[in-house]
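Residue numbers (the numbering used here), protein chains in the order written: chain A, 5 to 516; chain B, 646 to 1355. Cβ atoms here follow ideal geometry from the backbone N, Cα and C, with glycine treated the same way. Bear in mind the structure is a predicted one, so any value in this text is a computation, not a measurement.
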């Protein structure tokens, strides 16, 4: 049977959801069941950093049910991801272990950027509608319990993405704590949002004209999809339509809203906060259309799985999005684009030529490219201590689609490109053994590549690399003098040799 | 127009009084001379058991309200107190009619047909007296518990609904003071005792007469002054009837604690009962004048069902009807294969319930089946469905069953089954807090070559193979994807998970089924206002939701033609000028209990038909989980429309609600007699015959032996 059944579990901060998917043949993904349970893990975590016993029991009971559901459908694989509520739990390792013991389900945590990336993938899983909409300038507003994520598109590639701590549950928590009157709620949210978004606007929006806003949330989306009869492609609201809805939310009491929108009453306040945020951002960007595709994290998880088992060949190149994002970050820190691209070229050439030796895969190649692109960002702050400052910048910058560990790898590779390699990294830092080795290997490659472009003049055009016995022969076609590069390769080739047992040799082929 | 207040209490009939009218219609069957004699006995017996139930639930509930000083008027503008007053009059009339039917029609008719009921033991012959005395000593005496009342022994607890004999006794020799004694007529013994035959006629006597005759043997040191049977009904219904307003609940809960437990709300005594004895009973049981029923005949006419069950007299009983096979689902077929070919509609009891049972049975054994989910409301004793579910769980299927424990009178029965299912490894849900799960739905999830496929059975009747032979119901088998998705969502919700974003086909109470109905009614109104024709035909058991009725009035006043087939309670009134002149209401009471709910909406050119588990009652629409499902396939829609049309044409078993609130038999003038239930029986039998012929034709080939055989 060519059919695979897959379960995606989202342990969200507000709701637990399992979706069962069936993959048959190419590009066919069918949702066959969807079960969700309201469970507010977020409030506990955001307030105290831990999860209460009662909620823990409820969580385990529900996950046990989910496990039974998976058994009933005989699913082939599952992925269970915890988002901000689990991530921000102080004792999340213990909690994850307890869940595994009691329910047999391994809940992994997603870093914010991974989670947002999956959300983003879930939008992309809507195929045609997505492609069409990002032809125009588009922003994605991904509203979560703890924070929101704002991503901008230009010419159908992602150009920037930023996390802002304006999550719906977090705002509600504030509102409750300050005992804000219901008549003031809107203004207070507005002020809070604007305070945070002020800088964002200056840094990222400037004079960009955004036409479309795509909304991902768990609050307004279900309603919007319901309203459009379940067809997510049609859940597009014009600016005026949105204003009308907003007027309903603003002018009626929760009971009326609940019945008018056909949603549970307890959800009304969250829907309202979500709507204020949308309104606020839509105004900031001056958008004309709002698309509410009603996708959820689970869709993204399934999309990712389908890609992995090669059931899907997504049309959209997500890797290019990540690279584009990195290029934008480096632009912000005034890294020369030319140099970045040159370095990117050299590193990938080297990487590809010694595949046999390093044994690394696609993801690591992506990390290497990111490191190459971002390698000089620290110079923005200090020309002396570039390694350390670059490292700090990268660690503090979100790069969509990267896990926490991957970001750590990129940051370290950049750092050691400039400074001495630290061998006991795995003991002092959060990297495990495998990650440490990746750092070492990528550092070796990046260092070599940096040497090759030491003059920053991109002399080495048409670089060819080939592995011969224990030598890596790097051949360049150039008329220019490459003494500087040669010297650096000889001096710095040591580390490369240490890591790969391969000696890099630079040869110049002058063509007359 | 537009000025009419469709909620005006004058436009409504009180539901209890409407119920009394329904019981009158059943009683009319017992009075109908064209019906076989023993069937008439059965109908009379049904009126009696109906009335008992009515007392325990409805009347008790009204008394609760009176005690709680609840003043809110019902939809007809009557306070609980007023309702009780009116009911008392109506019930006394009903009871009188019951007994005059019994005494004047049935008893003489039975005698004509060779069955003599000896009403009083004094009328026994000598030989018979010897027989009953012996019968008493051998069978009855050992199980009796006589109880006397004196200063050291308080008045005993008289059990609800039991038949008792009260006596005034006087101590022998001492000779002045009268004392009270009582004994319960044992329910373990048959109340009907057949006397040894003399000649052709068969004779029977009731057990209480035998005990009465032998009363002196129970109180040896006493003289029996007089002895008469009596029966009480208690307000022992501790669960408050859910139809009343919620604000009432708390009030009554408080009252419950204060109240004397299980006060008597009805006392039935024999007509000839001694005045002194009656006074003692009235005093001890705190019976008010209104609640006293003086009965001219045997108490508790449900005993007539026992007489119906006597061997012989077959010519006086209707021949038993055998439910016919469903043509699309021949015996032995693989149901999943057949359902995949197209939706299948079942009409019980004309068609057999067997496929529904087999659906579960086959699913239990089918290796491709992953899960079975079902709601159970009332199940039969020894239910094959339960057995199949248990088997499925043992075979490793995921089986989830929602067993509604709150199904009235079936609570204990259901607990037993639920335990059994749990033991077998089923996931059992014991109903939902605050809601009764009344929907009838089964979902079978099967893993097939091209992926998961869901098979669904939806019904208007319970998954009860016994009642499926008596109740008329509709069932639908389908594997349509939209309904399958909805069914999955229903069970997810019943397991406590969130509502899905979108429902494809099904409408659910208490979520928005009511709004759905209101919308459908209103849509017809819109069409009529646009100058197009509009029509609603709806068949159900009861109609008493005020919002729905008001919507019907509003639609009818705009010109929508509305025909209702309501078996029981109907709070809507017909023929009100400018309000309900376009509405007709008819009720069909026949051999089978009309139970299906079918709703037709003309919807301009493209009519829609729905079936479901819900009546248009507040309790169905607001406090129960109910499912309404559309039937989409044209040939099935036609079939349902035919059912409705046939019932509208019925002029044998149908009664029509008149503007004055009374029901009268549908007029036969100028029309052929049409009995819908009989017509459906005939149709089902004919269809079976036709199928058999077609099969013969189809297999009219010789089949050569291909092997040598053994």
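{"query": "Listed by chain order, chain A residues near residue 1164(B) by CB distance under 9 angstroms", "result": "Those do not exist, as residue 1164(B) stays about 13 angstroms from chain A at its closest Cβ, beyond 9 angstroms."}
{"query": "Cutoff 8 angstroms: residue 16(A) Cβ touching any chain B Cβ", "result": "no"}
{"query": "Residues of the segment 288-300 of chain A whose Cβ lies closer than 8 angstroms to any Cβ of chain E, in chain order", "result": "In the displayed structure, chain E is absent; the protein chains listed are A and B."}
{"query": "Identity of the residue in 1257(B), 846(B), 821(B) nearest residue 1245(B) by Cα", "result": "1257(B)"}
{"query": "Where residue 1240(B) falls: helix, strand or coil (DSSP)", "result": "coil"}
{"query": "Min CB distance residue 28(A) to chain B below 8 angstroms", "result": "yes"}
{"query": "Length-filtered (4 minimum) alpha helix (DSSP H) runs lying within the segment 39-84 of chain A", "result": "46-52, 57-77"}
{"query": "Pairwise C-alpha distance: residue 77(A) and residue 880(B)", "result": "49 angstroms"}
{"query": "Proximal residues, the segment 34-62 of chain A versus chain B, C-beta separation under 8 angstroms", "result": "34, 36, 37, 38, 39, 40, 41, 42"}
{"query": "Per-residue DSSP class, three states only, for residue 1252(B)", "result": "coil"}
{"query": "Residue range of the alpha helix (DSSP H) that includes residue 981(B)", "result": "980-986"}
{"query": "Residue 500(A) to residue 142(A) span [Cα, whole Å]", "result": "43 angstroms"}
{"query": "Rounded separation between residue 85(A) and residue 122(A) - CA only", "result": "11 angstroms"}
{"query": "Entirely enclosed beta strand (DSSP E) segments - the segment 1102-1188 of chain B, minimum 3 residues", "result": "1116-1123, 1152-1154, 1180-1185"}
{"query": "Candidates 873(B), 1104(B), 871(B), 777(B): closest to residue 848(B) by CA position", "result": "777(B)"}
{"query": "Assigned secondary structure, residue 862(B) (DSSP; H/G/I helix, E/B strand, else coil)", "result": "helix"}
{"query": "Residue 142(A): first and last residue of the uninterrupted beta strand (DSSP E) it sits in", "result": "142-147"}
{"query": "Separation of residue 127(A) from residue 517(A), as counted between CA atoms", "result": "An answer regarding residue 517(A) cannot be provided, because it is not within the stretch 5 to 516 covered by chain A."}
{"query": "Positions along the segment 1074-1098 of chain B whose CB lies within less than 8 angstroms of some CB in chain A", "result": "1090, 1092, 1094, 1095, 1096, 1097"}
{"query": "Euclidean distance between Cα positions of residue 902(B) and residue 1069(B)", "result": "For residue 902(B), the pLDDT reaches just 45, beneath the cut-off of 50, and the residue's location in the model is therefore unreliable, leaving the point undetermined."}
{"query": "Interface residues of chain B facing residue 77(A) [CB-CB closer than 9 angstroms]", "result": "1015, 1016, 1043, 1090, 1092, 1097"}
{"query": "Contact with chain A by residue 1147(B), beta-carbon distance below 8 angstroms", "result": "yes"}
{"query": "Segment contact, 8 angstroms Cβ cut-off, at least three pairs: the segment 1277-1296 of chain B with the segment 917-933 of chain B", "result": "no"}
{"query": "The segment 1132-1147 of chain B: positions lying closer than 9 angstroms to chain A by Cβ", "result": "1133, 1134, 1137, 1140, 1141, 1142, 1143, 1144, 1145, 1146, 1147"}
{"query": "Segment contact, 8 angstroms Cβ cut-off, at least three pairs: the segment 1102-1112 of chain B with the segment 1233-1245 of chain B", "result": "yes"}
{"query": "C-beta atoms of residue 1161(B) and residue 1273(B) nearer than 8 angstroms", "result": "yes"}
{"query": "Buried or exposed (CB count within 10 angstroms, at least 16 for buried), residue 405(A)", "result": "buried"}
{"query": "C-alpha distance - residue 22(A) paired with residue 508(A), whole-angstrom precision", "result": "51 angstroms"}
{"query": "Nearest-angstrom beta carbon gap, residue 840(B) and residue 1284(B) [assumed within contact, 8 angstroms]", "result": "Actually they do not touch by this definition, with Cβ atoms about 52 angstroms apart."}
{"query": "Among 188(A), 247(A), 297(A), nearest to residue 221(A) - alpha-carbon criterion", "result": "297(A)"}
{"query": "Close-in-space but distant-in-sequence residues of the same chain around residue 892(B) (CB under 7 angstroms, 5 per side omitted)", "result": "Since pLDDT at residue 892(B) reaches only 44, below the 50 mark, its modelled position is unreliable, and no value is offered."}
{"query": "CB contact flag (residue 1187(B), residue 1228(B), <8 angstroms)", "result": "no"}
{"query": "Residue 857(B) versus residue 743(B) - alpha carbon distance", "result": "24 angstroms"}
{"query": "Assigned secondary structure, residue 969(B) (DSSP; H/G/I helix, E/B strand, else coil)", "result": "strand"}
{"query": "Meets three-Cβ-pair contact criterion under 8 angstroms: the segment 106-126 of chain A and the segment 144-154 of chain A", "result": "yes"}
{"query": "Helix, strand or coil at residue 517(A) [DSSP, three-state]", "result": "Nothing can be reported for residue 517(A): it is not among the residues displayed for chain A, which extend from 5 to 516."}
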